[in-house]
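Below is one structure; the comments refer to it alone.
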Amino acid sequence: MAKKGKQAISPTREENYPSWYQQVIRAADLAESSDIRGCMVIKPWGYSIWENIQKNLDEMFKETGHVNAYFPLFIPKSFFEKEAEHVEGFAKECAVVTHSRLEDDGNGGLKPAGKLTEELIVRPTSETIIGASFSKWVASYRDLPLLINQWANVVRWELRTRLFLRTTEFLWQEGHTVHETRAEAEEETYRMLDVYAEFAEKFLAMPVIKGEKTESERFPGAIQTFSIEAMMQDKIALQSGTSHFLGQNFSIASKIKFQNREGVEEFAWTTSWGVSTRLIGAVIMAHGDDNGIVLPPRITPAHLVIIPIYRNEEDQKKVLEYIDFLVSEINQKRYHEERIRLKVDKRDISGGEKIWEWIKKGAPVRLEIGPRDIEKDSVFMGRRDLEPSEKTSISRKEFVDNLPDILDEIQKNIYDKAAGFLKANTINIDDREEFYQFFTPKNKENPEIHGGFAHSHWCGNSECEEIIKNDLKVTIRCIPSEAKEEDGKCICCGKTSRKRVIFAKSY
RNA sequence: CGGGGCGUAGCGCAGUCCGGUUAGCGCACUGGUUUUGGGAACCAGGAGUCGGAGGUUCAAAUCCUCUCGCCCCGACCA
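According to the working numbering, the first sequence is numbered sequentially starting from 1.
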């Protein structure tokens, strides 16, 4: 007898959001924490999502003229010291390699030996080490622009970690580009922000807001930092991608110089931009429900899971033959120029258990196929964007013909749902009192999900930013690119302002 | 790094305050029988030395000290 609740995940989002998040990761078998502090093991189902993110983003990078390369994991400490703000920003979270050997400590253990003459930093980001190469590669304006991307792991020794959202080691890509002019570098910065926004919306089905960071939230060493911000279902903002205009700061530090068209030597203009495995956390929290993760078809490891139903060997043979035929038909179809990724779950466990497992893992489409369906030449379909009980029987032919459209419809539905949520929880606030109420939970002991994105005026003074942050833990997520100029008064100090910015709590 | 909570089988927990037979329970796992289209039932099994180290004691999951890790809140951050 089924005696568990209506939901597969406990606690629900409403009951305890952080705990729900962890349970979804476990139930969907995405990742687990490892024996190393703050580091995660990404399991096959989770890693496969990352591979699909990589594949599609990489294509977009190539389409915009970038090529991949790979640079060292280690950065000599002296390289790091070249850009003062950069050092200050990352110093507190650097893993440092000091020795090169281990030797017997005389007690059956090992001790480090072979002290390095210069310590090596495990890269928290690669501006300085890549800059060292770039300085050798760039001599003339004819060498520019230089458009490089690297897929890599980085280490940031964060104090508090959360699977996918903030881990000590994480996977990401970092783009590093060098340009002849300021304008060109700025253009690149915006272009890559647009690529991220497009990727988030098209592939992750996640609406985002593009905008510029305030000075306090800027990347260490950057002139300008831009980000895409998404709203999670607890109404908290998640910075999901960043693009930085670095000016000449890093080219000066790394001596990236070139002879310009007038024959005069000058420092180049650089950018950097990145997204990380955090995007998987974003997908979980943007679309997941109380039954587990909900995967956008464009990045799911499996579009379709087929569950054979039979009770004797005779039926089994018939069912599996029917499924073989169905699979061969599906293999003819394409979804956005890719093969349909499918799994036939032949494991010898009960049907109901399999169905729930695939719901928790977020597979967009499930088919149950048994003797009854074969008789009607039809399939029994469940969709992850609908309730688990909402299953329909449709003819085999119709299903096969429409499968790509069904997947697109699911992709669209979950996007619309997330966009609706973002809209419903975004408001203009002009009154300070109202602003404070918006961001204050009614139940202090056990805070309910509250707040959202507040579009409010800001005078541009970082002191106001600081006051709000201290009072409410609310920060300016970005100055939206699309914000229109209008007259208003700063939500904090009341001085005149020309633009609304987005205030929210953030991860 | 500061405050709080917690480490007992793969997972979730009871037992700890008031030390004392072979350390329990649910789920999962293995084998069997009956089942099977919304998370099956029964029977029989396997698996832990109680996060780690040290101490107190005739006796430690339980008391003391140190230490490691996880979770939540805060500061820091993709």
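Heads up, the beta-carbon is just placed ideally off N, CA and C, and yes, glycines get one too.
Exercise. Considering only residues of the same chain and omitting the five flanking positions on each side of E267, which have a CB-CB separation below 7 Å?
Worked result: In the sequence under discussion, the amino acid at residue 267 is Phe, which differs from the Glu named in the question. The answer, listed in chain order, is Q248, S251, I252, I256 and K257.
For this session: Tell me the start and end of each unbroken beta strand (DSSP E) in the region 188 to 233 that is at least 3 residues and wholly inside, in chain order.
Result: 209 to 212 and 224 to 231
Problem set entry | Where S227 falls, given that 16 or more other Cβ within 10 Å makes a residue buried | buried
Problem set entry | Same chain, Cβ closer than 8 Å to L116, five either side skipped, listed in chain order | V97, T98, H99 and S100
Problem set entry | Selection from E466, K473, N461 and A504 that minimises the alpha carbon distance to R498 | N461
For this session: Kindly indicate which three-state DSSP category N149 falls into: helix, strand or coil?
Result: strand
Exercise. By how many angstroms is the C-alpha of G288 removed from the C-alpha of K235?
Worked result: 14 Å
Exercise. On the premise that V155 lies in contact with E169, defined as a C-beta separation below 8 Å, what is that separation, rounded to the nearest angstrom?
Worked result: 5 Å
For this session: Entirely within the region 380 to 426 and at least 4 residues each: give me those alpha helix (DSSP H) ranges in chain order.
Result: 396 to 424
Problem set entry | K354 (DSSP reduced to helix, strand or coil) | helix
Problem set entry | DSSP-derived helix/strand/coil call for V138 | coil
Exercise. At which residues does the beta strand (DSSP E) containing P112 begin and terminate?
Worked result: L110 to V122
For this session: Spatial neighbours of S140 within its chain, please: CB distance less than 6 Å, with the 5 preceding and 5 following residues excluded, ordered by chain position.
Result: F258 and Q259
Problem set entry | I369 vs P308 beta-carbon contact at 7 Å | yes
Exercise. Starting from W172 and walking both ways along the beta strand (DSSP E), at which residues does that stretch end?
Worked result: E169 to H179
For this session: Starting from the C-beta of P76, find all residues in its chain whose C-beta is less than 7 Å away, skip the five residues before and the five after it, and write them out in chain order.
Result: E118 and L120
Problem set entry | Burial state of S254, where buried means 16 or more other Cβ atoms lie within 10 Å | buried
Exercise. Is there at least one non-hydrogen atom of the ligand FMN closer than 6 Å to the beta-carbon of E198?
Worked result: The model depicted lacks the ligand FMN and carries no ligand whatsoever.
Problem set entry | Secondary structure of Q248, DSSP reduced to three states | coil
Problem set entry | For R26, the three-state DSSP class (helix, strand or coil) | helix
Exercise. Quick one, which of K82, G382, R191 and G263 has its alpha-carbon nearest F245's?
Worked result: R191
Exercise. Touch check for the region 205 to 212 and the region 417 to 436: three-plus C-beta pairs under 8 Å?
Worked result: yes
Exercise. For F503, which of M231, K346 and E448 has the nearest alpha-carbon?
Worked result: M231
Exercise. Is H99 helix, strand or coil by DSSP?
Worked result: strand
Exercise. Which runs of the alpha helix (DSSP H) fall wholly inside the region 240 to 306 and span at least 4 residues, in chain order?
Worked result: 249 to 254 and 278 to 287
For this session: Identify, in the order they occur along the chain, each residue of the same chain with its Cβ nearer than 6 Å to the Cβ of L367, setting aside the five sequence neighbours on each side.
Result: I306, V379 and M381
Exercise. According to the neighbour-count rule (16 or more other Cβ atoms, all chains shown, within 10 Å of its Cβ), is I42 buried or exposed?
Worked result: buried
Problem set entry | Residue closest to A84, alpha-carbon to alpha-carbon, out of E127, D35 and I9 | E127
Exercise. Under the three-state reduction of DSSP, which class applies to K508: helix, strand or coil?
Worked result: Any property of residue 508 remains undetermined from this structure, which presents the chain solely from 1 to 507.
Exercise. Count the other CB atoms within 10 Å of the CB of I284; is the residue buried (16 or more) or exposed (fewer)?
Worked result: buried
Exercise. Roughly how many whole angstroms lie between the Cα atoms of N16 and G89?
Worked result: 33 Å
For this session: Give a yes or no on whether the C-beta atoms belonging to I414 and D385 are separated by under 7 Å.
Result: yes
Problem set entry | Own chain partners of T64 with C-beta closer than 7 Å, once the 5 adjacent residues on each side are dropped | R191 and V195
Exercise. Can you tell me the Cα-Cα spacing of A27 and P145, whole angstroms?
Worked result: 46 Å
For this session: Name the one or two DSSP bridge partners that K489 has.
Result: T496
For this session: Keeping to the same chain, check which residues put their C-beta closer than 6 Å to that of F74; ignore five residues upstream and five downstream.
Result: L120
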